[in-house]
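Visitor: Pasting a structure below so you can have a look.
Protein chains: 2
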Amino acid sequence: MSADSARARTLVHTEPVEVSLQVALDALADPVRRSILRDLAGHDDWTRACGAFDLPVTKATRSHHFAVLRAAGLIEQRDDGARRLNRLRRPEFDQAFPGLLAATIDRAD
Amino acid sequence: MSADSARARTLVHTEPVEVSLQVALDALADPVRRSILRDLAGHDDWTRACGAFDLPVTKATRSHHFAVLRAAGLIEQRDDGARRLNRLRRPEFDQAFPGLLAATIDRAD
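Quick mapping for you: the protein sequence lines, in order, are chains Y and W.
Numbered per our numbering, the first sequence spans residues 641 to 749.
Numbered per our numbering, the second sequence spans residues 641 to 749.
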């Protein structure tokens with residue numbers, strides 16, 4: 641098994657339709673996570689690597705935020721060499737929670 | 641000063657337009673508070689007293705939840721004798737946070 645596939649194994653994703661409103665709201669009720677989502681909303685899919693985000697947190701906290709966003713069905717991640725790329729799961733999250741992203745990340749804090 | 645006006649003095653309200661998205665999301669990210677808001681959404685203004693809500697929490701926790709909802713601009717309260725009546729501030733909250741109530745309390749958890 642390559643190092644890349646070993647890393648990829650650790651990436652657990654949740655489908656938005658499987659996510660409860662409570663988990664979705666908990667994920668969105670954090671300013672750092674909203675800043676990540678707004679950043680992704682402003683870029684094409686799979687063009688933003690985790691390391692590219694300018695976040696005022698430690699590396700461990702950064703990893704935690706991305707894990708929370710995956711578990712809430714808000715982002716998808718895949719490894720590309722040393723980079724972990726991200727995609728906002730907008731269409732499928734919007735279908736599961738109509739209007740919630742519009743009301744939270746399509747506006748300023 | 642009457643007992644009623646002494647009680648009423650403690651009722652601090654915040655206008656929705658003065659509320660941050662963070663405070664609004666924190667208020668909505670609690671299942672007991674969402675159940676209070678859904679209950680109010682299903683009744684006419686000023687017809688629901690605090691004591692009428694069937695909530696699985698202590699009286700102190702109940703008071704805390706109502707205070708959080710006031711501070712987030714989500715409810716208005718006024719005392720009527722021994723009863724504290726409630727109103728969902730739907731029009732003004734919707735104006736400050738378009739679509740947020742629709743995405744959270746107009747659906748099931």
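We put the CB at the ideal spot given by N, CA and C, even for glycine.
What you are looking at is a predicted structure, and each value in this text was computed from that prediction instead of being measured.
Note down, one range per segment and in chain order, each alpha helix (DSSP H) of at least 4 residues found wholly within the segment 665-728 of chain Y.
Guide: Counting whole runs of 4 or more residues, the segment 665-728 of chain Y contains the alpha helix (DSSP H) stretches 671-681, 699-711.
Visitor: Alpha helix (DSSP H) containing residue 730 of chain W: first to last residue?
Guide: As a first step, residue 730 of chain W is located in the second sequence; it is residue number 90 there, counting from the start. It spans 730-736 - the alpha helix (DSSP H) in which residue 730 of chain W sits, taken as one unbroken run.
Visitor: Secondary structure at residue 658 of chain W, three-state DSSP: helix, strand or coil?
Guide: Position 18 of the second sequence holds residue 658 of chain W. Of the three classes helix, strand and coil, the one that applies to residue 658 of chain W here is helix, per DSSP.
Visitor: Which of the three DSSP states is assigned to residue 744 of chain Y in this structure?
Guide: On the first sequence, position 104 is the one that residue 744 of chain Y refers to. Reduced to three states, the DSSP call for residue 744 of chain Y is helix.
Visitor: Answer with yes or no whether the minimum CB distance from residue 713 of chain W to chain Y is below 8 Å.
Guide: Taking the second sequence and counting its residues from 1, the one referred to as residue 713 of chain W is at position 73. It does not; no Cβ of chain Y falls within 8 Å.
Visitor: Run the CB neighbour count on residue 698 of chain Y, radius 10 Å, all protein chains shown included, and call it buried at 16 or more, exposed below.
Guide: Counted from its first residue, the first sequence places residue 698 of chain Y at position 58. Exposed.
Visitor: Residues of chain Y with a CB under 9 Å from the CB of residue 660 of chain W: which are they?
Guide: Residue 660 of chain W sits at position 20 when you count from the first residue of the second sequence. Here the neighbours are 749.
Visitor: Against chain W, with Cβ distances strictly below 8 Å, would residue 744 of chain Y count as a contact?
Guide: The sequence position of residue 744 of chain Y within the first sequence is 104, counting from 1. Cβ-Cβ to chain W under 8 Å: yes for residue 744 of chain Y.
Visitor: With a Cβ-Cβ cutoff of 8 Å, do residue 702 of chain W and residue 709 of chain W count as a contact?
Guide: The count along the second sequence starts at 1 and reaches residue 702 of chain W at position 62. The count along the second sequence starts at 1 and reaches residue 709 of chain W at position 69. No; because the gap between Cβ atoms is not below 8 Å, this pair is not in contact.
Visitor: So residue 689 of chain W and residue 725 of chain W are in contact, right, with Cβ under 8 Å, and what is the actual spacing, rounded?
Guide: Here residue 689 of chain W refers to the residue found at position 49 when the second sequence is read from its first residue. Here residue 725 of chain W refers to the residue found at position 85 when the second sequence is read from its first residue. About 6 Å separates the two Cβ atoms, so the contact holds.
Visitor: What residues from the segment 651-679 of chain W come within 7 Å of chain Y, judged by C-beta to C-beta, listed N to C?
Guide: So the close ones are 660, 661, 662, 665, 666, 668, 669, 671.
Visitor: For residue 721 of chain Y, count neighbouring Cβ atoms within 10 angstroms of its own Cβ and tell me buried if that reaches 16, exposed if not.
Guide: Start at 1 with the first residue of the first sequence, and residue 721 of chain Y comes out as number 81. Residue 721 of chain Y is exposed by the Cβ-count criterion.
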